[in-house]
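Per the working numbering, residue 128 is the first one in the sequence shown, and the count goes up by one each step.
All remarks here apply to the structure that follows.
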Amino acid sequence: MQPLFDSHCHDFLDEQGTVVRDPACLSRHCVVASFSSTHWESLLSCAIPHQDCWIALGLHPAYAGQWCGETRCSLEGLVTDQRVVAIGEAGLDRTSEVPQSLQEQVLRHQIRLACAVNKPLVLHCYRSHGRLVDLLREEGAERVGGLIHGFSGGYDIAKKYLDLGFCLGIGPVLLRHNARRLPAVVPRLPAAGLLLESDRMATGCREHILQAVAQQTALLRGCSMEDLAWETWCSSRRVFRLPEWP
Ligand SMILES: [Zn+2]
């Protein structure tokens, strides 16, 4: 059976954001994303390329206040490592207490860094899609593309991201009983524009959630699990430019 690729998870991070190595968690076929600068070095040491476990380094908008000369230098140095396959998660979040202007400034820096090192972006966006699309266009982010993680918007906004060369991460939002918009969008997405994600922390049952998201996605798209697993596997390897496996 074709394994599922988890395009966005937080293995090695507990609910407090502390890096913990859980020996019970089998971190294979996934991209583990940081959100705070305190994760970067220890998270990088958790990467396991021979298990197809890769890392994304960046600042989540809620942690944009950590951006300074020192964090910038540190990030610039770390992201050239081969185990780092993306910059993120970065983005915009309307509900965060961090001022929007600071969020945008830190996001712009991270987009420029992604372009400079030619690696894709992993983006978090909450209630700021119009603004995010503007920033991606202004900064020429289509040169690197990436993942709009935890997507839950409508088709019109999905189309804008796809046109900019980004894939949409379908995650646990799809499993909510009251989900309406996302189940309507999922069948309309091109196969190459969709990735699967668990968005789980180290303590969550990541593979179980990913399996459930995949089953629901396959059901909505009227395709087999095998086809979905293969298509999202290929798309994940393309977006994150991962080596062939095995
Ligand atoms: Zn996440």
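All residues carry an ideal CB built from backbone N, CA and C; glycine is no exception.
All figures in this text were calculated on a predicted structure; none of them were measured in a lab.
Three-way DSSP call (helix, strand, coil) for residue i in this model
i: E324; result: coil
i: A189; result: helix
i: V211; result: strand
i: H137; result: strand
i: A243; result: helix
i: A345; result: helix
i: V146; result: strand
i: V158; result: strand
i: H304; result: coil
i: G331; result: coil
i: Q129; result: coil
i: P373; result: coil
i: V206; result: coil
i: E387; result: Look at the range of the chain in this structure, 128 to 373, and you will see that residue 387 is not part of it.
i: L316; result: coil
i: P310; result: helix
i: L153; result: coil
i: C195; result: coil
i: R453; result: Not covered by the structure: residue 453. The range shown for the chain is 128 to 373.
Neighbourhood of residue i by C-beta, 6 Å cutoff - its chain only, sequence neighbours within 5 removed
i: R327; result: C136, R333 and I336
i: S325; result: D133, C136, R333, I336 and L337
i: R315; result: Y282
i: R270; result: C242
i: S223; result: P188 and A189
i: A356; result: Q129 and L131
i: L289; result: G320
i: Q237; result: G185, I214 and A217
i: L309; result: S279, V300 and L301
CB-CB length for residue i against residue j, believed under 8 Å
i: G267; j: V249; result: So it is not a contact: roughly 18 Å between Cβ atoms.
i: G277; j: G298; result: 5 Å
i: V146; j: S164; result: Contact flag wrong, Cβ pair sits at about 12 Å.
i: L197; j: F162; result: One detail in the question is off: residue 197 reads as Glu in this sequence, not Leu. Incorrect: roughly 18 Å between the Cβ atoms, too far for contact.
i: L140; j: H166; result: 7 Å
i: G296; j: L322; result: 5 Å
i: H251; j: D220; result: 7 Å
i: E353; j: A318; result: Not a contact, Cβ separation roughly 13 Å.
i: S279; j: V300; result: 5 Å
Own chain partners of residue i with C-beta closer than 7 Å, once the 5 adjacent residues on each side are dropped
i: P176; result: R210
i: K287; result: V260
i: R235; result: L262 and E266
i: V225; result: P188, A189, A191 and G192
i: W372; result: D179
i: T330; result: D141 and E142
i: V244; result: V206 and T207
i: A339; result: L302
i: A174; result: C180, W181, I182 and R210
i: Q342; result: M352
i: A160; result: H135, H137, A183, G215, E216 and V249
DSSP bridge partner residues for residue i (one or two, in chain order)
i: H251; result: G218
i: W360; result: Bridge partners of W360: none, in fact.
i: G273; result: L248 and F293
i: A183; result: A160 and A213
i: I175; result: C180
Beta-carbon contacts of residue i that lie in its chain and below 8 Å, excluding the five residues immediately before and after
i: K246; result: V206, V211, V212, A213, I214, V271 and R368
i: L229; result: A191, G192 and W194
i: E231; result: L219, R258 and L262
Decide if the stretch 248-258 is in contact with the stretch 182-202; the criterion is three or more beta carbon pairs, one per stretch, under 8 Å apart. yes
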